[in-house]
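Just so you know, the protein sequences line up as chains A and B, in that order. Each number in this note's numbering comes from the position in the first sequence (counting from 1) with 17 added on. Each number in this note's numbering comes from the position in the second sequence (counting from 1) with 17 added on.
Number of protein chains: 2
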Amino acid sequence: MAEFIEVREVGLRDGLQNIKTVVPTDVKLAWIKAEVAAGVRDIEVCSFVPPKLLPQFADAEEVTRRALAVPGLTVAALMPNLKGAERGAALGVHRLDYVVSVSESHNLNNVRRSTAESLADLKRIAEFLKGIEAGKRPRLLCGLATSFGCTIEGSVPHDRVVSFAEQVAAIGVDEIALADTVGFGNPNAIRTLFRRVRDATGPNIVLASHFHDTRGLGVANVAAAIEAGVRHFDASLCGLGGCPYAPGATGNVVTEDVVFLAESLGFTTSIDLEKLVEVRKIVMQALPGEAFYGQVAKAGLPKGFSYADARQAA
Amino acid sequence: MAEFIEVREVGLRDGLQNIKTVVPTDVKLAWIKAEVAAGVRDIEVCSFVPPKLLPQFADAEEVTRRALAVPGLTVAALMPNLKGAERGAALGVHRLDYVVSVSESHNLNNVRRSTAESLADLKRIAEFLKGIEAGKRPRLLCGLATSFGCTIEGSVPHDRVVSFAEQVAAIGVDEIALADTVGFGNPNAIRTLFRRVRDATGPNIVLASHFHDTRGLGVANVAAAIEAGVRHFDASLCGLGGCPYAPGATGNVVTEDVVFLAESLGFTTSIDLEKLVEVRKIVMQALPGEAFYGQVAKAGLPKGFSYADARQAA
C-alpha cells in the first residue's frame, strides 16, 4: 500500500493574502468544495487578521463556518494572536495555524513585535487551548517563517531554527511547519534542517513544510523534504500569491505540481489530479489579471500515468 | 574546492528548434558571446538539419564557424545523420551531438526511421570519426531521447534504455545523455536509471542529462541526477522552446535556475548568475511574443548568496 502524503491547500490564505481583488465568499466556498471533491483533505481557509488590514479576509468567520460544514475536510485558519485563536476555537476550527519568524528583523517587519513577544503569545494560545476539552480542542501548528533565509538578514543559522523548534515544542504545539518564506532554501538545507528539527523535537510532533517557489527550487525542495521524512506539504492552487519581497516572482509551490511529484514518487495523496486541475477555472475566473503557475495543468498527465494507489482501477 | 558542474546551453538548438521566428545570425552570436562572458563553457549552437526542414538553422555553418572563434567555448552541434557529421567535422566542431529515441514509435515519428537504422547510422558516424586524427577529432555524444517515457508509447522500460546505452557505448561514443524529452521523469526514475547506465557503461563515458520541465519536475530531476553523480546538464536560457507534444507547456529546464540550484548545493558552475540573467534581454528582444520562463531571473539572488567557489572575493 502506498504511503500517504498530505498536500494542504493554502491558496485561500497565503495566495489571497497578497491579492487586492476581494474574492466573494461564495466563490471561496466553491473553490473549497471543488478541491475537497478532488480529494484535498486539509485547507487553510482564511486568516483571522483585522479586516481593516486585509479586506480579503473580512468574511473569515463565514468562510470558516461554511467550510466546517463540508464533510471530510480538515479546516485550518491562520491567526495572528490570542484573540484570533479565541475566535477560531469558538467556531470549532480543526487546526489553528500561528506564525513566528526565526529572523528577528522579519518578525518585527511582519507582525510588529519581537520574536520573544510572538513566542509569549503562542504560549498564551497554547494555555488557552488546554482549557478546551480534548475532543473539541483545535490542533495547534506553529510555522517558523524564514527558516531557510530572510530578505532582510540573509542567511538564518540552522542552530537558531532548531532552538525555535525546541521552544515551540516545549510550549506544546502539535505541529511545526518549517517555512521557506522567500525562496532561499535548497535541497541540502531542507534535508539537513528537517532532520535536525525531527531529532530535536521527537516523533510526536507533526513536521510540515511551507515552501515558496520564488527562485525555482520549490518542487526540488519538496522532493528533498520527502526524502527527509516530511509527509505534510503546504501548496497553493495555481501557485497563487506571488512574493511581497520580489515583485513579479512566484508564490507558494503549486498544489497540482506537488501532487504530481508525490504520486510520481509512489506516494498516494488521495487527490485526483484531473479534477484538481479543473478547480483552476474557479480561481482564474475570480481573479482576472493575476499570474497563474503550474505546469502539469498545461501539459496534462503523462500517457500511462497511474496513481500510486491505482484508484482508477477501482 | 567546490566540485564543477557543467551547465550546457542548448537554447540555440533545442530552444530555437520549436520557434518559427528566425533569429538573425548576428543575434545568435551576440547571445553566444554574452553567455560565454557570463562563464558558460559549452553551447550547442545549432542543428545540421536540412534548411528546408528548419529555416531557423539555415545559417548553421556560419554560426558554427563564428562560435568556434569564441575563445574558451566548447562548440557542439546536433547532427541528424552521417552527412551532418561530415559537415560538422569539416568545420572543426568540438562535439557532435546525435540523437536516437529509445521509444521505437517516437524515433519513427521524429526522424522517420527505425531505432536499428538510427543506431546503424551512429555506427557509421563513429567509424568516420575514427578516421580523423586524435587532436582534431570531435567528441561524439549520443542522446537517448524518451529515456523516461514517451507521449506515444507511455512508459519506456529501464531495461531497454540500459540496453541502448550499452549498444551506444559499444559503438564508441564519448558521452551519453539521458533525455527526458517530454517531461515524464521523476526523481526516483532519474536516480535509478542514471545509476544503472553508469554501471552498464563504465566510468569512461561521460553521462549527461537533457531534461525538459514540461510537468514542473525539471529542477527536482536535476537535483536527483546530481545525487546520482551526473555533472553535465543541458539547459535552455529562459526555458526557451516549449514542447511540440504539449502546446503551451514549457521547454528545457531553465539555465539560470539550474545554475542557481547547482551553486546552492555547493557546486561551482563557473557561471556568473547576474551576468547570465542579463543575457535574457538579447533573447527576449529577438523573440517578442514567445513565453519566457525562469524564476531566479525574476526574484534575484538571495541576500548574502555566495557562489560555491566564492569568485566574488577574488
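All C-beta atoms, glycine included, are put in the ideal place defined by N, C-alpha and C. Everything numeric in this text was worked out from a predicted model, so none of it was measured.
- In the DSSP assignment, Asp-59 (chain B) is bridged to B:Thr-91.
- The three-state secondary structure of Asp-138 (chain A), taken from DSSP, is helix.
- Leu-95 (chain A) sits buried, since 16 or more C-beta atoms from the chains shown fall within 10 Å of its C-beta.
- Put simply, the CB of Pro-319 (chain A) is near chain B, with a gap under 9 Å to one of its CB atoms.
- Boundaries for Gly-160 (chain A): no alpha helix (DSSP H) harbours it, while the beta strand (DSSP E) harbouring it runs 156-162, taken from the DSSP string.
- Assigned with DSSP and collapsed to three states, Ala-77 (chain B) falls in helix.
- Residue contact check for Thr-285 (chain B) against chain A: no CB pair falls below 9 Å.
- Closest in alpha carbon position to Tyr-262 (chain A), among A:Arg-213, A:Gly-152, A:Thr-231, is A:Thr-231.
- The beta carbon of Glu-244 (chain B) is closer than 7 Å to those of Arg-208 in its chain, skipping five residues each way along the sequence.
- Your pair Arg-248 (chain B) and Ile-22 (chain B) checks out as a contact, with CB atoms roughly 5 Å apart and the cut at 8 Å.
- Residues of chain B whose Cβ lies closer than 8 Å to the Cβ of Cys-260 (chain A) are, in chain order, Ala-316.
- If you ignore the 5 residues before and after Arg-104 (chain A), its C-beta comes within less than 6 Å of the C-beta of Phe-65, all in its own chain and listed in chain order.
- Asn-203 (chain B) and Ala-237 (chain B) have their C-alpha atoms roughly 8 Å apart.
- For His-227 (chain A), the uninterrupted beta strand (DSSP E) run begins and ends at 223-228, by DSSP.
- A direct Cα-to-Cα measurement between Val-276 (chain A) and Val-27 (chain A) gives close to 14 Å.
- Using a Cβ-Cβ cut-off of 9 Å, Phe-181 (chain B) does not count as an interface residue toward chain A, since no Cβ of chain A sits closer than that to its own.
- Residue pairing by DSSP puts Tyr-115 (chain B) in a beta bridge opposite B:Cys-159.
- By alpha-carbon distance to Leu-139 (chain B), the top candidate from B:Arg-154, B:Ala-151, B:Leu-113 is B:Leu-113.
- Of all alpha-carbon atoms in B:Pro-155, B:Phe-74, B:Leu-282, B:Ile-169, the one lying nearest the alpha-carbon of His-123 (chain B) is that of B:Ile-169.
- Shown here for Ala-279 (chain B): same chain residues with a beta carbon closer than 6 Å to its own, the five before and five after excluded, namely Ile-22, Thr-286 in chain order.
- Lys-100 (chain B) counts as exposed, since fewer than 16 other C-beta atoms from the protein chains shown sit within 10 angstroms of its C-beta.
- The straight-line gap separating the alpha-carbon atoms of Val-300 (chain B) and Gly-258 (chain B) is approximately 12 Å.
- DSSP places Thr-132 (chain B) in the helix class (H, G or I) of the three-state scheme.
- By the C-beta density criterion, Asp-274 (chain A) is buried, having at least 16 other C-beta atoms within 10 angstroms.
- If you check the CB distance, Ala-19 (chain A) and Ala-325 (chain A) come in under 9 Å.
- Within chain A, the residues placing a beta-carbon under 7 Å from that of Thr-168 (chain B) are Lys-320, ordered along the chain.
- Taking a cut-off of 8 Å on C-beta distances, the segment 122-136 of chain B does not touch the segment 74-88 of chain B, as fewer than three cross pairs fall below it.
- Between Val-270 (chain A) and Phe-250 (chain A), the C-beta spacing is below 9 Å.
- DSSP, reduced to helix, strand and coil, places Asp-326 (chain A) outside both helices and strands of the structure shown, so it counts as coil.
- Pro-155 (chain A) is not a Cβ neighbour of His-227 (chain A), given a cutoff of 9 Å.
- The three-state secondary structure of Gly-28 (chain A), taken from DSSP, is helix.
- Using a CB distance below 9 Å, the part of the segment 199-219 of chain B facing chain A consists of Val-199, Gly-200, Phe-201, Gly-202, Asn-203, Pro-204, Asn-205, Ala-206, ordered along the chain.
- Listed in chain order, the beta strand (DSSP E) runs fully inside the segment 150-222 of chain B are 156-162, 192-197, counting runs of at least 3 residues.
- In the three-state scheme derived from DSSP, where H, G and I count as helix and E and B as strand, Asp-251 (chain B) is classed as strand.
- The Cβ-Cβ distance between Val-119 (chain A) and Phe-201 (chain A) does not fall below 9 Å.
- Neighbours of Asp-274 (chain A) in chain B, taken as residues at a C-beta separation under 9 Å, are given in chain order as Arg-232, Gly-233, Leu-234.
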